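Quick note on full-length UniProt numbering: the sequence shown kicks off at 1 and runs consecutively. Glycine included, each C-beta is placed from N, C-alpha and C at the ideal position. Since we're looking at a predicted model, the values are computed, not measured.
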Amino acid sequence: MRCWRPVFSILVNTAFRKPSSLWRHRASRCGSTDKAMADLLEQQIIAPYDSDWYRQGCDLRRVVFMEEQGVSLADEFDGKDPDATHIVTVQNDEVVGVLRVLWLPEHAKIGRFAVRKDLRNEGIGSRLFHTALSFIDRKGVERVMLEAQIDRIEFYENFGFEAYGDEYLDAGILHRAMKNY
Ligand SMILES: CC(C)(COP(=O)(O)OP(=O)(O)OC[C@H]1O[C@@H](n2cnc3c(N)ncnc32)[C@H](O)[C@@H]1OP(=O)(O)O)[C@@H](O)C(=O)NCCC(=O)NCCS
1 MRCWRPVFSI LVNTAFRKPS SLWRHRASRC GSTDKAMADL LEQQIIAPYD SDWYRQGCDL
61 RRVVFMEEQG VSLADEFDGK DPDATHIVTV QNDEVVGVLR VLWLPEHAKI GRFAVRKDLR
121 NEGIGSRLFH TALSFIDRKG VERVMLEAQI DRIEFYENFG FEAYGDEYLD AGILHRAMKN
181 Y
């Protein structure tokens, strides 16, 4: 059964305080099913481990990392999920973006960051990443790092991250570590 009640929800727009079903209803009454309305229905949600939102996020990770990028099951699901914070982007009741935050002694580490392929380059990833940084900041953690796929480095530089150290292969993909401190 679906779990529709997130433990904690970060709302991108105050309009989201309305139940999404109401807004869908209004959208159809206005005859407006365009992107602007889809954006209005977007939420970033903290998905508790093993919740339905979490599992939908895992489905997206499977599609993006395992099917699209060839990452193995063992690499993708490395046993660290129970201790991580998982944040998903939900549009129209479907998870379209996902990432996780690991709370390490020296910094928070963002990873498993993916957006549904047909919805990329529309800003969903940037909004999700920004939400994650705000959440980490609100937890009082200033130091954040991640392991960037080489062709994504510029994306993270736009958020103030700098690459350091050598390039390396992780799950068969060339990476570089980045940090914001
Ligand atoms: C990385 C990823 C999560 C980004 O998600 P996204 O939703 O496409 O991200 P955004 O749309 O916010 O930004 C992506 C790019 O589009 C640009 N963009 C943002 N909004 C845009 C818009 N409205 N119109 C056109 N382009 C836009 C951004 O400037 C950014 O440019 P860049 O490629 O030079 O960095 C997504 O590409 C993905 O899932 N990739 C596969 C998995 C992966 O590689 N994960 C990262 C591992 S390090």
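Backbone CA spacing between residue i and residue j [nearest angstrom]
i: A177; j: D52; result: 31 Å
i: E154; j: I45; result: 26 Å
i: L119; j: G97; result: 9 Å
i: G172; j: L146; result: 17 Å
i: Q91; j: Q43; result: 7 Å
i: R62; j: I110; result: 17 Å
Residue from the options with nearest C-alpha to residue i
i: D166; options: Q149, N92, Y181, K117; result: Q149
i: Y49; options: Q69, P82, L41; result: P82
i: H107; options: E122, A84, L174, L60; result: A84
Cβ-heavy atom distance, residue i to ligand 1, below 7 Å
i: V115; result: yes
i: F161; result: no
i: E67; result: no
i: I124; result: yes
Coil, strand or helix - residue i by DSSP
i: V71; result: coil
i: D170; result: strand
i: M178; result: strand
i: Y156; result: helix
i: G57; result: helix
i: L102; result: strand
Where residue i falls, given that 16 or more other Cβ within 10 Å makes a residue buried
i: A74; result: exposed
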